[in-house]
Amino acid sequence: MKEPVLGSRWNYTQRGYALTQSIRQLRQRSAATLLTLFVLGTTLALPAVFWFGSASLSNLVNGSVGEESLTVYLSLDVPDLEGAALAKEWQEHPAIRKTTYVSRDEALALFQEQTDLQDAIAALGSNPLPGAIVVYPSSSDSASAMAENAEALAARFNQMQTVERVQIDLDWVRKLQSALNLFQIIVSLLAIFLTLTGLLVIGNTVRLELLRRQREMQVSTLLGASRSFLNRPIVYTGTLYGLLGGAVAAVLATVSYSFIKTPADQLAAQYASPFRLALPSAGQFLTIVAVCTLLGLIGGLMTVLRPSPSILTNR
Amino acid sequence: MISFQHVSLAYRTGQLALDDLSFHLRSGSFTFLTGHSGAGKSSLLRLIARLEKPTSGEIQVGNTAYSTLKTRQEPKLRRQMGIVFQDNQLLYDRSVFDNVALPLIIGGYKFKDIKTRVMAALERVNLASRYAENPINLSGGEQQRVGIARAVVARPKLLLADEPTGNLDAEISEEIMKLLLQFNASGVSVLFATHDRELLNSFKFPQLVLEAGRLSNASDASLHLHAKQAPETVS
Chain D
68 MKEPVLGSRW NYTQRGYALT QSIRQLRQRS AATLLTLFVL GTTLALPAVF WFGSASLSNL
128 VNGSVGEESL TVYLSLDVPD LEGAALAKEW QEHPAIRKTT YVSRDEALAL FQEQTDLQDA
188 IAALGSNPLP GAIVVYPSSS DSASAMAENA EALAARFNQM QTVERVQIDL DWVRKLQSAL
248 NLFQIIVSLL AIFLTLTGLL VIGNTVRLEL LRRQREMQVS TLLGASRSFL NRPIVYTGTL
308 YGLLGGAVAA VLATVSYSFI KTPADQLAAQ YASPFRLALP SAGQFLTIVA VCTLLGLIGG
368 LMTVLRPSPS ILTNR
Chain F
286 MISFQHVSLA YRTGQLALDD LSFHLRSGSF TFLTGHSGAG KSSLLRLIAR LEKPTSGEIQ
346 VGNTAYSTLK TRQEPKLRRQ MGIVFQDNQL LYDRSVFDNV ALPLIIGGYK FKDIKTRVMA
406 ALERVNLASR YAENPINLSG GEQQRVGIAR AVVARPKLLL ADEPTGNLDA EISEEIMKLL
466 LQFNASGVSV LFATHDRELL NSFKFPQLVL EAGRLSNASD ASLHLHAKQA PETVS
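Respectively, the protein sequence lines represent chains D and F. Using the working numbering, read the first sequence as starting at 68 and increasing by one per residue. Using the working numbering, read the second sequence as starting at 286 and increasing by one per residue.
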C-alpha cells in the first residue's frame with residue numbers, strides 16, 4: 068500500500084484538527100480577519116492605555132507618600148538623652164518604619180546654616196530650639212492607607228506630655244488620591260464598556276464563523292461528531308481572535324503610550340517632579356494579551372452555548 | 286439488525302411522513318428501500334440515523350432501543366453506521382484523504398490507524414493514488430466512491446445509502462452498486478434507498494416499498510426481509 072505524504076500527525080487528533088480548522092478559517096478570509104483584529108485591537112487598546120496611565124499615577128502618589136515623614140517637636144525640658152531614647156523606643160512600633168532624632172544642638176546648627184539669623188540667636192544667650200524626632204511611617208499598599216497611618220501616629224504623639232507639636236502635611240496627598248480615585252472610576256467604567264464591546268465583536272465574529280462552517284458541522288454530525296467536537300473549533304476561533312486581538316491592542320497601547328511619555332515627562336520636569344511615565348512592562352503587555360485571550364474564550368463559549376436552530380432537522 | 290414496530294413520523298403541520306411502519310432487517314442483509322420521490326425513503330433513513338425522532342412506535346438497531354437512547358449517546362450510535370448520500374456531502378476545502386479520515390478523527394483514532402485505514406478504504410474504491418487531490422477535481426462517480434470510502438472507513442456494521450447513484454449514469458451506478466455488494470459480502474448490512482427501476486431489476490434483493498409513507502409490501506416484508514439472500518446480479 069502506498070504510504071501517504073501527510074501534514075503533522077497532530078492535525079489528525081481531535082484538538083489538532085479543531086485548531087487547524089480554526090486557523091484555516093482565519094487564513095481563508097485573511098482580509099476580513101485582519102480588519103476584525105484591527106477593530107478588536109483599537110477597541111481594547113484604549114482600556115490598556117488607561118491601565119498603564121493609572122498604574123503610573125498610583126506609583127506617583129504612593130511614592131510621594133512613602134517619602135513623607137512627621138516631625139515631632141519635643142518639649143524644651145526633654146533632654147537629648149531622653150529624646151534619643153524615645154526615638155529608639157518609637158522605632159519598635161509596627162506602624163513606624165524609621166525614626167531619626169535631631170538633638171537641640173543639631174537643630175540649632177541646621178537653623179544657623181539655613182538662615183541668616185545667627186546674630187539674633189546669639190543675642191538670646193541660650194538655644195531656643197527643641198529636640199525633634201523625624202518619624203517615617205511604615206509602607207502600605209495605598210497612599211490613603213499610608214496617610215491614615217501617618218495621621219493616626221500624629222494624633223497619638225500629640226497626646227504625649229513630652230511632645231510640644233507634630234508637623235504633618237498630607238492634605239495634598241489626599242487631594243491627589245481623591246482625584247486619582249475619580250479618574251480610576253471613570254477609566255474603569257470606560258474600560259468595562261470598551262471590553263464589553265470587544266467581547267461583542269468577538270462573539271459576533273465567531274457567530275458568523277459558525278454559520279460559515281454550517282456545512283462542515285452538518286457532515287461531521289452525520290458522521291457521529293459529538294457536541295464538543297463540533298464546538299471546539301468555534302471556541303478555538305474565539306480564543307485565537309482574543310489572543311491576536313490582544314497582541315494588536317498591547318502593541319497599539321504601547322506605541323500610543325510612548326507618544327504620551329515624552330510630553331508627560333517634560334511637564335513633570337517643569338513642576339520639578341521626579342515623576343516619569345514608565346513604559347509598559349513585559350508583565351503588563353502579557354497581562355493584556357492574557358485578558359483578551361480570556362475574552363475571546365468567553366466570546367467563543369457564549370456563541371456555542373447560545374441555543375441555535377438544529378443544523379440537521381429539515382422539517 | 287434493524288427493527289421498526291409501528292413507527293410513524295409526522296411533520297410539524299401534522300401531515301404524516303411515515304405511517305405505522307413495521308419491519309425487521311437481519312444482520313448482514315442487503316435491502317432496497319424504494320418508492321417514488323416524497324414517499325418517505327429519506328425520512329426512514331433519517332430515523333435510523335437518529336437525525337429525526339419518531340412521533341410514535343419503537344425503533345431498534347442492533348442492541349440499541351431508540352426509545353431509551355439519550356441525546357448524548359446519539360453521536361456514538363451514528364459512528365457505528367456509515368451513511369452515503371446522493372450528493373456525497375464531501376468537503377471541498379480539504380483533500381480526499383482528509384475527507385475520508387474525518388470519521389476516524391471524530392472517533393479519536395490514532396494517527397497510525399488513520400493512515401492505514403484511510404489508505405485501505407481508498408484502495409478498495411480504487412482511489413488510493415488520488416488521496417492528496419481535492420475531491421472537486423474528481424468526476425461524479427469518483428466523488429461518490431470517496432463518499433463510500435468515508436462511510437466504510439470506520440468499519441461500520443450498517444451502511445445507509447440514500448440514493449447514492451441518483452446523479453450517476455448507469456455504468457457508474459453499477460460500479461457503485463458492486464462496491465456496496467463487496468462491503469455487504471464482508472458482513473456489513475446495507476439499506477439502499479433508490480427509485481432506479483433498472484438497478485432494482487438488475488439486483489434481486491428484498492425490497493421495502495414505500496408509498497405515501499406506508500409500506501406497500503407490508504404483508505410480505507417480514508417474509509422477504511428475514512431471509513438472508515446471497516447477492517445476485519443480473520447483467
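Think of the CB as a built atom: it goes at the ideal place given N, C-alpha and C, for glycine as much as any other residue. On a predicted model such as this, the values are computed, not experimentally measured, just so you know.
Query raised in the report: Between which two residues does the alpha helix (DSSP H) harbouring Leu362 (chain F) extend?
Result: Note, Leu362 (chain F): alpha helix (DSSP H), Glu359 to Arg364.
Query raised in the report: Expressed to the nearest angstrom, what Euclidean distance is found between the alpha-carbon atoms of Ser328 (chain F) and Thr316 (chain F)?
Result: Rounded to the nearest angstrom, the gap between the Cα atoms of Ser328 (chain F) and Thr316 (chain F) is 16 Å.
Query - Neighbourhood of Ala436 (chain F) by C-beta, 7 Å cutoff - its chain only, sequence neighbours within 5 removed - result: Excluding positions up to five away in sequence, the list reads Gly367, Ile368, Val369 and Leu444.
**Report entry** Touching by the beta-carbon criterion (3+ pairs, under 8 Å), the region 197-204 of chain D and the region 167-174 of chain D
**Finding:** The answer is yes - the region 167-174 of chain D touches the region 197-204 of chain D, with three or more Cβ pairs under 8 Å.
Requested in this report: Examine the Cβ distances between the region 308-326 of chain D and the region 392-404 of chain F and report whether three or more of them are shorter than 8 Å.
Outcome: Taking a cut-off of 8 Å for Cβ pairs, the region 308-326 of chain D and the region 392-404 of chain F do not touch, as fewer than three such pairs fall below it.
Query raised in the report: Where DSSP assigns a beta bridge to Asp447 (chain F), which residues make up the other side?
Result: Secondary-structure assignment with DSSP links Asp447 (chain F) through a beta bridge to F:Ala478.
Query - 8 Å Cβ shell around Gln81 (chain D) - same chain, five flanking residues per side excluded - result: If you ignore the 5 residues before and after Gln81 (chain D), its C-beta comes within less than 8 Å of the C-beta of Phe296 and Arg299, all in its own chain and listed in chain order.
Query raised in the report: Using the beta-carbon count (16 or more within 10 Å), is Tyr79 (chain D) buried or exposed?
Result: Per the 10 Å Cβ criterion, buried.
Query raised in the report: Nearest-angstrom Cα distance between Val385 (chain F) and Ile355 (chain D)?
Result: Cα to Cα, Val385 (chain F) sits roughly 41 Å from Ile355 (chain D).
Query - Nearest residue (CA-CA) to Gly472 (chain F), options F:Ser312, F:Ser307 and F:Gly498 - result: Among F:Ser312, F:Ser307 and F:Gly498, the Cα nearest to that of Gly472 (chain F) belongs to F:Ser312.
Query raised in the report: Terminal residues of the continuous beta strand (DSSP E) containing Glu496 (chain F)?
Result: Counting along the chain, Glu496 (chain F) sits inside the beta strand (DSSP E) bounded by residues Gln492 to Glu496.
Report task. Compare the beta carbon distance of Gly299 (chain F) and Leu495 (chain F) with 8 Å and say whether it is the shorter of the two. Result -> No, Cβ-Cβ distance for Gly299 (chain F) and Leu495 (chain F) is not below 8 Å.
Report task. Could you tell me whether any Cβ in chain F is nearer than 8 Å to the Cβ of Ser287 (chain D)? Result -> Closer than 8 Å to some Cβ of chain F, the Cβ of Ser287 (chain D) qualifies, so yes.
Query - For Arg335 (chain F), three-class secondary structure by DSSP - result: Here DSSP, grouped into helix, strand and coil, assigns Arg335 (chain F) to coil.
Query - Same chain, Cβ closer than 6 Å to Pro516 (chain F), five either side skipped, listed in chain order - result: Confidence at Pro516 (chain F) is low in this model, with a pLDDT of 41, below 50, so the placement of that residue should be treated as unreliable; the coordinate-derived value is given next. The residues are Leu466.
Query raised in the report: At which residues does the alpha helix (DSSP H) containing Ala349 (chain D) begin and terminate?
Result: Note, Ala349 (chain D): alpha helix (DSSP H), Ala349 to Leu372.
Report task. Rank F:Asp481, F:His480, F:Ala446 and F:Asn452 by C-alpha distance to the C-alpha of Leu464 (chain F) and give the top, closest one. Result -> Checking every option, the nearest Cα to that of Leu464 (chain F) belongs to F:Ala446.
Query raised in the report: Of all Cβ atoms in chain D, is any one closer than 8 Å to the Cβ of Gln428 (chain F)?
Result: It does not; no Cβ of chain D falls within 8 Å.
**Report entry** Nearest-angstrom Cβ-Cβ length linking Phe289 (chain F) and Leu301 (chain F), presumed shorter than 8 Å
**Finding:** Their Cβ separation, rounded to whole angstroms, is 15 Å, which puts Phe289 (chain F) and Leu301 (chain F) out of contact at 8 Å.
Query raised in the report: Considering only residues of the same chain and omitting the five flanking positions on each side of Arg364 (chain F), which have a CB-CB separation below 6 Å?
Result: Residues Gly392 of the same chain have their beta carbon placed closer than 6 Å to that of Arg364 (chain F), with the five preceding and five following residues left out of the count.
Report task. Report the neighbours of Ala292 (chain D) on chain F: residues whose CB is nearer than 7 Å to its CB, in chain order. Result -> Within chain F, the residues near Ala292 (chain D) are Pro360 and Ile391.
Query raised in the report: Taking 8 Å as the CB-CB limit, is Leu443 (chain F) close to chain D?
Result: Answer no: the Cβ-Cβ gap between Leu443 (chain F) and chain D never drops below 8 Å.
Query - Rounded straight-line distance, which links the Cα of Leu177 (chain D) to that of Pro195 (chain D) - result: The alpha-carbon atoms of Pro195 (chain D) and Leu177 (chain D) are separated by roughly 13 Å.
Query raised in the report: Between the region 275-294 of chain D and the region 326-343 of chain D, do three or more beta carbon pairs fall short of 8 Å?
Result: As far as the Cβ criterion goes, the region 275-294 of chain D does not touch the region 326-343 of chain D, which means the pair count is below three.
Report task. Establish whether the CB of Gln281 (chain D) and some CB of chain F are separated by less than 8 Å. Result -> It does not: the Cβ of Gln281 (chain D) has no partner Cβ on chain F nearer than 8 Å.
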